[in-house]
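Participant: Handing you this structure, nothing more for now.
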Amino acid sequence: MIIAEHLKKTYIVKQGKGLFREKQEIQAVRDISLQIEKGKIVGLLGINGAGKTTTIKMLTTLLSPTEGSYFLDDIDGVKYPVEIKKRINMIAGGERMIYWRLTAYENLWYYGQIYNVSNNVLKERIDTLLKLVGLENKKDVPVETFSKGMKQRLQIARGLINDPQYLFLDEPTIGLDAVVSKELRSHIKHLAKEQNKGILITSHYMGEIEELCDYIYIMNDGVLIKKGTVKELTTETFNRKNYVLRLDKHSKEITECICDKLKVVDATVEVKDENDAIYINSRENISMELSRACMEAGLYIREMYEKEPHLEDAIIRLSREVHHEAVY
Amino acid sequence: MRPFIKALAAEMIKQHKNYFHSKMIYVSLFVWPFLNFITTYYSFKVFDIGKSKIAYITAENMVVYLLLGYMCMSFFRSLVQSAWNFSFERISGTLELIYLSPVNRAAVLLGNAVSSLFESVFVMLIFSLLVIVMKVEVLIIKILPCITVFFIVTAMAVAWGMFLNSLFLFSRDSDFLFTILEEPMEIFSGVKVPTALFPLWAKAISIIFPLTYAIEAVRRVVLTGSSLYEIREFAVIGIGITVVLFALISVIIKRVESHMRITGNITLF
Ligand SMILES: Nc1ncnc2c1ncn2[C@@H]1O[C@H](COP(=O)(O)OP(=O)(O)OP(=O)(O)O)[C@@H](O)[C@H]1O
Ligand SMILES: [Mg+2]
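Chains H and B supply the protein sequences, listed in that same order.
Going left to right, the first sequence walks through residues 1 to 328 as UniProt numbering numbers them.
Going left to right, the second sequence walks through residues 1 to 269 as UniProt numbering numbers them.
Below is the structure:
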């Protein structure tokens with residue numbers, strides 16, 4: 001199990017040009033504590049610049065934390081980064097990080113060598129991995145002729161070359177088409193469930209996170225603002241109900257009329273009028289009152305449903321709330 | 001030890017496949033020095049070399065004298081050139097992956113520097129052939145000192161290449177080292193003009209370049225048939241320089257990594 005406590009990373013950057021450059025501190029990560037169990041997929045979420053990549057780099061020992069402790073299966077990662085490196089790997093999305101002039105096989109061979117994978121194991125592993133990412137018949141083709149998705153799939157094979165116990169995925173499906181990213185997701189699941197690897201993933205695609213993650217950490221501006229399972233997070237953040245209502249007629253007066261009627265039941269109700277639908281946000285379950293209000297006004301309901309809260313909304317909302325608190 | 005050798009070999013093979021596609025490498029390793037050599041040769045021809053203060057340069061062996069200078073320089077330069085590779089690796093993000101792995105950093109640096117050794121030896125061979133074809137009669141060679149010098153020069157060149165490579169890892173802005181160390185190397189190491197003729201200040205500069213010693217030693221064993229005893233001073237200095245450079249390299253490797261881990265500059269390019 002990976003246990004990180006109160007990790008903090010402050011970058012010192014020099015500002016301006018010339019000899020007398022001013023030093024400025026950037027607190028990319030201010031306080032992060034998290035755990036990754038073997039066989040589990042953990043999501044790390046947050047808006048751009050929240051500090052996700054910085055956190056991953058500390059966990060992969062590419063960055064040393066300014067403060068905090070980090071243990072991987074009881075190995076002190078701050079003191080013995082090399083021991084950590086042997087047991088982990090990282091996959092970042094994008095086309096970089098491979099040698100374009102080398103073939104798929106040569107790329108994997110090189111990384112296998114620097115991870116000191118023994119030669120007879122390596123040969124077999126490369127074949128298995130290439131098959132896994134569907135590149136077995138591109139084995140001896142230089143990478144520069146690959147498509148974006150193919151390069152990225154090779155990247156994934158590379159990340160598994162040392163058979164790591166823990167895997168860090170930084171936006172692994174960025175820029176991939178739906179089919180490929182779906183395959184990738186099922187593969188990530190397989191790695192965790194069948195091969196018992198501990199996985200940390202960041203992504204801006206919420207569907208992906210909701211599908212994959214056993215547990216989620218949400219961070220904003222370098223600190224954790226929420227953690228829990230997908231269900232816990234969405235219901236906790238959205239203890240309010242959302243309804244969408246479409247009527248046979250549509251006008252500002254009708255919206256106001258419905259709003260007035262609902263206010264009697266729930267004083268906190270919010271009614272918004274958008275396109276040809278009415279959006280209602282309330283604390284209570286008011287579907288009964290809603291239909292009654294429509295009937296009394298002589299309106300026919302064409303469509304009415306309750307909207308499932310989404311993780312993405314939860315994150316944006318949480319980040320906004322935290323931001324407001326910080327401002328005031 | 002095995003992981004070290006594996007990494008070293010893998011790095012050499014990779015760099016080779018990845019960078020030696022480009023024919024430009026041969027231009028800078030071979031064509032430029034050769035053109036330089038020709039112009040120098042003809043500009044020297046105008047003067048009466050026979051009366052020079054350096055005992056072993058005669059009008060007869062001048063061409064070989066110059067060839068040897070350019071040969072040594074090409075050899076050094078080819079090892080240094082590999083340092084450029086790291087700037088490409090920084091841009092392509094693969095340098096970060098090397099640092100993500102537990103690989104021995106010195107093995108990678110060494111592999112990278114030595115990856116061009118094949119090319120360097122090839123260049124040396126061509127130069128040597130030229131020497132033999134042109135003036136076999138001026139050569140006075142004793143085999144053992146010659147081989148000794150070859151090995152020490154190679155060790156020095158590899159150490160020098162690795163040293164610059166390691167400095168290059170510090171930041172993307174260390175390109176300036178090349179302009180500081182590369183051009184003056186040609187001028188101050190006695191590639192053309194023997195350092196013995198330099199004014200004092202220039203001599204002072206020349207002693208910081210390992211190439212200076214390498215060229216002098218090679219010329220002595222090839223042109224004057226120096227014995228092992230006569231080149232003992234060079235052997236000591238050469239081995240000394242190599243040891244010091246390797247010590248510096250191991251310090252720099254550690255520093256570079258902790259610096260990277262603090263600033264996160266490995267991804268900046
Ligand atoms: N090497 C660096 N030097 C200085 N500041 C940095 C460095 N790397 C990141 N930062 C800063 O740290 C903060 C967090 O960046 P980070 O890359 O961790 O965010 P992120 O959550 O991964 O964002 P994204 O979703 O856009 O990938 C940002 O303000 C960024 O500008
Ligand atoms: Mg990021």
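Using N, Cα and C, we set each Cβ at its ideal position, and we do this for glycine too.
As the structure is a computational prediction, the values presented were derived from the model and not from experiment.
1. Can you tell me where the beta strand (DSSP E) with H6 (chain H) in it begins and where it stops?
2. Just checking, does the segment 101–117 of chain H make contact with the segment 30–48 of chain H on the three C-beta pairs under 8 Å criterion?
3. Could you check the C-alpha separation between V327 (chain H) and M219 (chain H) for me, to the nearest Å?
4. Answer with buried or exposed for I216 (chain H), where buried requires no fewer than 16 other C-beta atoms within 10 angstroms of its C-beta.
5. Buried or exposed for D170 (chain H), going by 16 or more other Cβ atoms inside 10 Å?
6. Could you tell me whether the Cβ of R261 (chain B) comes closer than 8 Å to any Cβ of chain A?
7. Within 8 Å (strictly less), CB to CB, does L110 (chain B) reach chain H?
8. Measuring only the C-alpha atoms, how far is residue 272 (chain B) from R77 (chain B)?
9. Using a Cβ-Cβ cut-off of 8 Å, state whether R283 (chain H) counts as contacting chain B.
10. How far does the alpha helix (DSSP H) with L100 (chain B) in it reach, from first residue to last?
11. Which residues end up in the neighbourhood of ligand 2 when you take C-beta atoms closer than 7 Å to any of its heavy atoms?
12. Can you pull the chain H neighbours of residue 299 (chain B), defined as C-beta to C-beta under 8 Å?
13. Give, in chain order, every residue of the segment 101–120 of chain H whose Cβ lies closer than 8 Å to some Cβ of chain B.
14. For chain H, find out if any of its Cβ atoms is closer than 8 Å to the Cβ of N165 (chain B); answer yes or no.
15. For chain B, find out if any of its Cβ atoms is closer than 8 Å to the Cβ of Y11 (chain H); answer yes or no.
16. With distances taken between CB atoms, is the gap from V191 (chain B) to I215 (chain B) smaller than 8 Å?
17. Could you check how far apart the C-beta atoms of S120 (chain B) and F75 (chain B) are, in whole angstroms? I think they sit under 8 Å.
18. Is V327 (chain H) helix, strand or coil when you go by DSSP?
19. I want to verify the contact list: residues of chain H whose CB lies under 7 Å from the CB of V103 (chain B), in sequence order.
20. Counting only runs that start and end within the segment 64–97 of chain H, where is the alpha helix (DSSP H) found for 4 or more residues in a row?
21. Chain B partners of M150 (chain H), CB-CB under 9 Å?
22. Kindly indicate if chain B contains any beta-carbon less than 8 Å away from that of V82 (chain H).
23. May I have a chain-ordered list of the alpha helix (DSSP H) segments no shorter than 4 residues that lie completely inside the segment 22–71 of chain H?
24. Output the distance between the C-alpha atoms of I66 (chain H) and A159 (chain B), rounded to the nearest integer angstrom.
25. Is any heavy atom in ligand 1 found nearer than 7 Å to the beta carbon of D13 (chain H)?
Facilitator: Walking through what the data contain:
1. I2 to Q15
2. no
3. Only weak support is given to the placement of V327 (chain H): the predicted model assigns it a pLDDT of 45, under 50, and the question is left unresolved by the model.
4. buried
5. With 16 or more Cβ atoms within 10 Å of its Cβ, D170 (chain H) is classed as buried.
6. Absent from the structure: chain A. Protein chains present are H and B.
7. no
8. A query on residue 272 (chain B) cannot be resolved here, the shown segment of chain B reaching from 1 to 269 and no further.
9. no
10. Counted as a single uninterrupted DSSP element, the alpha helix (DSSP H) harbouring L100 (chain B) occupies residues T94 to L100.
11. Result: H:K52, H:T53, H:D170, H:E171 and H:T202.
12. Coverage of chain B is limited to positions 1 through 269, which leaves residue 299 (chain B) absent and any answer about it impossible.
13. R101, L102, E106, W109, Y110, Y111, Q113, I114, Y115 and N116
14. With 8 Å as the cut-off, N165 (chain B) does not count as an interface residue toward chain H.
15. yes
16. The Cβ atoms of V191 (chain B) and I215 (chain B) sit closer than 8 Å to each other.
17. 5 Å
18. Because V327 (chain H) carries a pLDDT of 45, less than 50, the predicted location of this residue cannot be relied on, and the following value inherits that uncertainty. V327 (chain H): helix per DSSP, three-state reduction.
19. Residues of chain H passing the Cβ test: I114.
20. 81–87
21. In chain order: nothing, as chain B lies at least about 17 Å away.
22. yes
23. Counting only runs of 4 or more, we get 52–59.
24. The question names Ile, but residue 66 (chain H) in the sequence shown is Thr. One C-alpha to the other measures close to 34 Å.
25. The question names Asp, but residue 13 (chain H) in the sequence shown is Val. For ligand 1, at least one heavy atom lies less than 7 Å from the Cβ of V13 (chain H).
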